[in-house]
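Working notes for the structure below.
What follows is the structure, encoded as structure tokens:
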């Protein structure tokens, strides 16, 4: 049985029309995407960045959507940070050690949540924020003149699913900070990304659908769960011109011909008692865990699927009735001929491609955790070591972690390469086709 909300996605037209809507950002078109081969991206920010969710979603998207693109990702988020720095040291130390040292070609900056101090708007506090933010941008432009900067407007404080704590609420303060960031980006001719409005819009829709669940998306009003970060990642990816289309394949079932194949190669198409073919795609779907009730609610309350996760299979010309879809011999679902003609978004189904993408994402999380262990757990011991034994051990531990992380990243990139799969579309009550 296909979940009802997935049927609703289909019936609402997540099919060729939506794929066409993103034609300007065609699948596999690396040339239109912001990131380039051999880029190194540093995500800089406070505890929301330190959660490593939105950055990991972005990393996994890039790996699975552009499997031949080699990009390195480093998360340098530190809880409690403001534009002046924080627990990891002052801002100049933070920039030198946690950004400049990696010689990135791309840097994202996300600050502001702590800078407003969770109070009503104060002009003096805002002035400190604006001066500090300008200092960060100036230093990065001075020290990394060839790097491309993306500044991010602060993500929301949840005044949506529960009442504000003071007049207008803290999120109104963050929106004013975001306006400054946007203005600075315009003045400096760099990219700015709004993390606030898309999450607020999603929370409002989620609250209308399931108010109790909606309040759990940002449980402490500051730090989103993975579902909230998914919307933030989507905002960043859209600003970077990320394509919506994974693949689009259209087959005429009456003649047994391939009508259209976008970012995919179809071979050995046969029309006997049903349709069979082998398909090698150029990308994998985004592995969104729709079994997680919070993520499912977020996806249902947003345009994420339409904007970034379209893996369309369209089969026209079939006689009226029900048809089963199998991939590599595994049942994906039963659909009417009308549903197949409108298009089925395979990204919403537990396909082998989805399973492969999930495995890539697990390696994404592992390599980010290894980096955090090295950066936040082992390297600081250099300043604290009081015995020769520990001083000798630290370089070995750092080297071992670097070696393990490099191994994980290599496996991650290998696993992101798409593989061929065998498709079958047969009448629901027909006998299985021969293998």
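Residue numbers (the numbering used here): -19 to 415.
Where is the CB? At the ideal position from N, CA and C, for every residue including glycine.
request  = Taking all protein chains shown into account, decide if residue 104 is buried (16 or more other Cβ within 10 angstroms of its Cβ) or exposed.
outcome  = exposed
Given this structure, state the Cα-to-Cα distance separating residue 437 from residue 359, to the nearest angstrom. In this structure the chain extends from -19 to 415, so residue 437 is not present and cannot be described.
Worksheet item: When burial is assigned at 16 or more other CB atoms within 10 Å of the CB, is residue 215 buried or exposed?
Response: buried
(request) Kindly indicate if chain D contains any beta-carbon less than 8 Å away from that of residue 101. (result) The displayed structure is made up of one protein chain only, and chain D is not part of it.
Where residue 275 and residue 208 are concerned, what is the direct C-alpha to C-alpha distance, given to the nearest angstrom? 8 Å
How close, in whole Å, do the beta carbons of residue 87 and residue 79 come, if the pair is a contact with beta carbons under 8 Å?
6 Å
query: In the structure shown, what three-state DSSP assignment does residue 377 receive?
result: helix
### Task
Drop a sphere of 10 angstroms on the beta-carbon of residue 67, count the other beta-carbons inside from all chains shown, and report buried for 16 or more, exposed for fewer.
exposed
Compute the distance between the beta-carbons of residue 57 and residue 40, then report whether it is under 8 Å. no
* Residues near residue 258 in its chain [Cβ-Cβ closer than 8 Å; skip 5 each side] -> 246, 247, 248, 400, 401, 402 and 403
Item checked: DSSP three-state assignment for residue 388, whether helix, strand or coil -> helix
| message | Taking the alpha-carbon of residue 139 as reference, which of 149, 133 and 132 has the nearest alpha-carbon? | response | 149
- Message: Report the start-end ranges of each beta strand (DSSP E) in the segment 133 to 221 that is 3 residues or longer and not cut off at the edges.
- Response: 171 to 174
Can you give the Cα-Cα distance for residue 364 and residue 202, rounded to whole angstroms? 32 Å
Residue 218 to residue 45 span [Cα, whole Å]: 13 Å
TODO: Specify whether the segment 114 to 128 and the segment 149 to 158 touch according to this definition: at least 3 beta carbon pairs, one from each stretch, less than 8 Å apart.
DONE: no
Given a cut-off of 8 Å, decide if residue 73 and residue 65 are closer than it, judged by their beta-carbon atoms. yes
Does the beta-carbon of residue 8 have 16 or more other beta-carbons within 10 angstroms, so that it is buried, or is it exposed?
-> Residue placement at residue 8 is poorly supported in this model, since its pLDDT is 49, which falls under 50; the coordinates still yield a value, given next. Buried, since its Cβ has 16 or more Cβ neighbours within 10 Å.
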